[in-house]
Amino acid sequence: MNLIILGPPGAGKGTQAKRLEQKYGLVQLSTGDMLRSEVASGSELGRQAKEVMDAGRLMPDDIMIRIIGERIEQAQREANGFILDGFPRTTAQAEALDAFLAERGLEVEHAIELRVDDEALVDRISGRFTCAKCGEGYHDRHKPTAKEGVCDVCGSTEFVRRADDNPDTVRARLKAYHEQTAPILPHYEKAGKLRVVDGMASIDEVARQIESVIGRS
Ligand code: AMP
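Residue numbers (this note's numbering): 86 to 302.
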């Protein structure tokens, strides 16, 4: 099973993709995570990505298409399928993905849209943080750690916050979403693959709705 998870920044794509990954043996392919590891490695691509991400803009399509292509091929060899998280983000990326998959006899079964209010997103994003060791996601108000300063999952005391999770960059990222990414939703609707889920519900409820729309509940 191959899935795409769509929605604005802060909609909960990464959280839900991680759950699907564990439950169905899929691989989460997050282009944002791939770029963040390039930034951490100090590569030339990472330097370019840092500038673009800090400004809340999108990376060039050709670079993103090349990066994701390599990872899809790897996921096909090693897992039951993939969940694209953060890709495609433009019409050109959606079309390139269709062609790439068709050439390999692959397809995406469901494009899941997490629908949320813009107002709620700024609040959600500005409070989020992640365990530096295991990657578990938390939120200052909506999902704090059970014991302050200690990861519930692995016990680590180190946490990280994304550099682009500040109100100014969030607004730019939301603008990029509405102008460049939301126009791809009709592409999946026409193909009969768009499944809309209420991203304002609790994490468990969103997960339940996703399982229902992909026919796995
Ligand atoms: P994310 O973690 O998905 O919110 O992505 C963080 C940032 O990485 C975005 O704001 C973009 O600057 C960049 N990025 C991630 N995926 C893509 C993509 N498919 N196309 C262009 N830029 C991307």
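Beta carbons: idealized from backbone N, C-alpha and C, even for Gly.
As the structure is a prediction and not an experimental result, all values here were calculated from the model.
Annotated as distal: V291 and P94, with beta-carbon spacing of 8 Å or more. The beta carbon of A177 sits closer than 6 Å to those of D146, all from its chain and outside the five residues before and after it, given in chain order. The beta-carbon separation of G166 and L111, rounded to 5 Å, stays under the 8 Å limit for a contact. The three-state reading of DSSP puts H224 in strand, counting E and B together. Cβ-Cβ distances below 8 Å link D249 to M138, D139, G141, V255, R258 in the same chain, with the five nearest sequence neighbours on each side left out; the list follows chain order. Not one heavy atom of the ligand AMP sits closer than 7 Å to the Cβ of S211.
If you ignore the 5 residues before and after P229, its C-beta comes within less than 7 Å of the C-beta of Y223, all in its own chain and listed in chain order.
When the five nearest sequence neighbours on each side are left out, the beta carbons in the same chain lying within less than 8 Å of the beta carbon of A231 are those of D237, in order along the chain. With a cutoff of 8 Å on beta-carbon distance, L114 and I90 are scored as not near each other. In this structure, V201 keeps its C-beta atom at 8 Å or more from the C-beta atom of M86.
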